[in-house]
Amino acid sequence: MIKKILLLSIFLLSQSLYAQSVMDSLSEEEQLDNDVTSLISERIEKISPNRKIFIISNENQSFAQGDFISLLIKHKLVSRALVAKTTDSIAGIKILKIYNLSLWKKIQSGREVQILRGDDSYYQKRERRKKQGLLGVEEPEEDLFDKTIISEDLLEDDNNEGIFDTNHMLSLSIGWFEGLNSGAQAEKYSQLSIQYQYQAWKNLFVGIDFGSNVIKDFPSGGLDTRYFNITPKVKYTFEVFWGLILQPYVGWQILMADSPGAGEDDEETNQDQLQYEVDLVNKSEKSTIAVGITVIQPIVPGWNLKADLGMDILSIGVGLEI
Numbered sequence: 128m129i130k131k132i133l134l135l136s137i138f139l140l141s142q143s144l145y146a147q148s149v150m151d152s153l154s155e156e157e158q159l160d161n162d163v164t165s166l167i168s169e170r171i172e173k174i175s176p177n178r179k180i181f182i183i184s185n186e187n188q189s190f191a192q193g194d195f196i197s198l199l200i201k202h203k204l205v206s207r208a209l210v211a212k213t214t215d216s217i218a219g220i221k222i223l224k225i226y227n228l229s230l231w232k233k234i235q236s237g238r239e240v241q242i243l244r245g246d247d248s249y250y251q252k253r254e255r256r257k258k259q260g261l262l263g264v265e266e267p268e269e270d271l272f273d274k275t276i277i278s279e280d281l282l283e284d285d286n287n288e289g290i291f292d293t294n295h296m297l298s299l300s301i302g303w304f305e306g307l308n309s310g311a312q313a314e315k316y317s318q319l320s321i322q323y324q325y326q327a328w329k330n331l332f333v334g335i336d337f338g339s340n341v342i343k344d345f346p347s348g349g350l351d352t353r354y355f356n357i358t359p360k361v362k363y364t365f366e367v368f369w370g371l372i373l374q375p376y377v378g379w380q381i382l383m384a385d386s387p388g389a390g391e392d393d394e395e396t397n398q399d400q401l402q403y404e405v406d407l408v409n410k411s412e413k414s415t416i417a418v419g420i421t422v423i424q425p426i427v428p429g430w431n432l433k434a435d436l437g438m439d440i441l442s443i444g445v446g447l448e449i
């Protein structure tokens, strides 16, 4: 009799546990359905050069300042963020954590993403279990705050990284520098130049500009002069608003001239004219301080438009982060 009672008790208990397991599974599926339906589609408007601050649309008004949100692509977690500011139908968010690096690299300005407001722990657990082949196996409860990084270091400005993630930048520009004409008067000349700069310290760049051009009929008719414009520079970097970057700089401009035929004796030119040619070429050369500012506007990740406004040259061009 006692054995029959024990067997009956074990049978009823096992049925109860099985029913509970089924209910838990149904509950998880219901939560997933609720999470999927709660996803809101928004658009990435702008990304800061260091990819820490995003400007995104908030047309659905689904989140507010101070909210924690998650960014998803095709229902897959990409990153965790804090809403720092909202204005009208846009918002500024600070990235706190990256979940999926391959998807993170696909996030660019203009891309549509899905937004999940609040708790994303269910997505985290589901994706981990899917990778481990444990989908449907019960997992111990976890504390959301054990997995989401929330610290003062993340909420404050990052003092360990500069505005540019890369340490190397290469640019190509067309510019105008001041030289002399054959009448010894100041005149602007166009010049193609290439610039390289290296981030030696956080936001502090050292670099060199190199340009070259040929001026025809200088220092006199029939003669050509090639100029080499070399300017080492030191720049400090500031980010002002909407991704616009300023780089005040100081450097030293060396303008060298090469004029074959200037001052060379021929039957048609007197000695005074020959000496004038030599003096004019020498006078057009420079070795002087250069002060100015470089303005940079990122256009797509890794590429930017730039302008140099300085004593040495006025130029516009395109830059590449390498």
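Under the working numbering, read the sequence shown as residues 128 to 449, first letter to last. Just so it is clear, CB atoms sit at the ideal spot from N, CA and C, and this is done for glycine as well. Please read these numbers as outputs of a predicted model, since none were measured by experiment.
Boundaries (first-last residue) of the beta strand (DSSP E) holding residue i
i: Lys-233; result: Taken as a continuous stretch (DSSP letters only), Lys-233 belongs to no beta strand (DSSP E), as it is neither H nor E.
i: Asp-336; result: 331 to 343
i: Lys-212; result: 203 to 214
i: Phe-181; result: 180 to 184
i: Ala-218; result: 217 to 225
i: Glu-391; result: Careful: Glu-391 lies outside any beta strand (DSSP E) and carries neither H nor E.
i: Leu-307; result: 295 to 307
i: Ala-327; result: 313 to 328
Which residues DSSP lists as bridging residue i, in chain order
i: Asp-435; result: Thr-421, Ser-442
i: Ala-191; result: For Ala-191, which the question treats as bridged, DSSP gives no partner whatsoever.
i: Phe-355; result: Ser-339, Met-383
i: Glu-169; result: Val-240
i: Leu-365; result: The question names Leu, yet the displayed sequence has Phe at residue 365. Paired residue(s): Leu-373.
i: Lys-378; result: According to the sequence shown, residue 378 is Gly rather than Lys. Gly-378 is bridged to Lys-360, Ala-417.
i: Leu-350; result: Note: Leu-350 sits in no beta bridge, so no partner.
i: Ile-174; result: Phe-181
i: Ser-248; result: None; Ser-248 has no bridge partner.
i: Leu-200; result: With the sequence shown as reference, residue 200 is identified as Ile, and Leu is not the correct amino acid for it. BP columns for Ile-200 point to Lys-203.
Cutoff 7 Å; reference residue i; Cβ partners in own chain excluding five residues on either side
i: Trp-189; result: The question names Trp, but residue 189 in the sequence shown is Ser. Hits under 7 Å: Ile-167, Ile-242, Arg-244.
i: Gly-388; result: Leu-350
i: Gly-429; result: Leu-447, Glu-448
i: Glu-314; result: Gly-306, Leu-307, Asn-308
i: Tyr-316; result: Trp-303, Phe-304, Gly-306, Asn-340, Ile-342
i: Gly-193; result: Val-210
i: Ile-443; result: Ser-300, Ile-301, Ala-434
i: Ile-182; result: Glu-172, Lys-173, Ile-217, Gly-219
i: Ala-191; result: Val-210, Thr-213
i: Gln-367; result: Note on identity: in this sequence residue 367 is Val, with Gln being the wrong assignment. Cβ neighbours of Val-367 beyond the five flanking positions: Leu-373.
i: Ala-384; result: Thr-352, Tyr-354, Val-408, Ser-411, Glu-412
Cβ-based neighbour list, residue i, same chain, cut-off 6 Å, excluding 5 preceding and 5 following
i: Phe-345; result: Ser-309, Thr-352
i: Asp-247; result: Ser-197
i: Lys-362; result: Phe-332, Gln-374, Tyr-376
i: Asp-439; result: Thr-358, Gln-380, Ala-417
i: Ser-229; result: none
i: Glu-404; result: Pro-346, Ser-347, Ala-389, Gly-390
i: Gly-338; result: Gln-318, Ser-320, Asn-356
i: Ile-423; result: Ile-372, Asn-431, Lys-433
i: Glu-186; result: Ser-216
i: Phe-365; result: Leu-373
Span of the alpha helix (DSSP H) around residue i
i: Leu-401; result: 398 to 411
Contacts around residue i, its chain only, beta-carbon distance under 8 Å, and the 5 residues preceding and following it disregarded
i: Trp-231; result: Val-205, Ser-206, Ile-225
i: Asn-397; result: none
i: Ala-311; result: Leu-407, Lys-410
i: Val-427; result: Gln-235, Ser-236
i: Arg-402; result: The identity of residue 402 in the sequence shown is Gln, whereas the question assumes Arg. These residues qualify, in order along the chain: Gly-390.
i: Leu-199; result: Leu-166, Val-205, Val-240, Gln-241, Ile-242, Leu-243, Tyr-250
i: Ser-386; result: Phe-345, Pro-346, Leu-350, Asp-351, Thr-352, Arg-353, Glu-404, Val-408
i: Ala-208; result: Phe-181, Phe-195, Ile-196, Ser-197, Leu-198, Ile-220, Lys-221, Ile-222, Leu-223
(request) Take every Cβ of the stretch 238 to 258, pair it with every Cβ of the stretch 212 to 224, and state whether three or more of those distances are shorter than 8 Å. (result) no
(message) Tell me whether the stretch 320 to 333 and the stretch 393 to 412 touch, counting them as touching only if at least three CB pairs, one residue from each stretch, are closer than 8 Å.
(response) no
(request) Determine contact between the stretch 200 to 212 and the stretch 169 to 178, defined as no fewer than three beta-carbon pairs at a distance below 8 Å. (result) no
(message) Measuring CB atoms only, is the stretch 288 to 299 touching the stretch 314 to 325, in the sense that at least three cross pairs come out at less than 8 Å?
(response) yes
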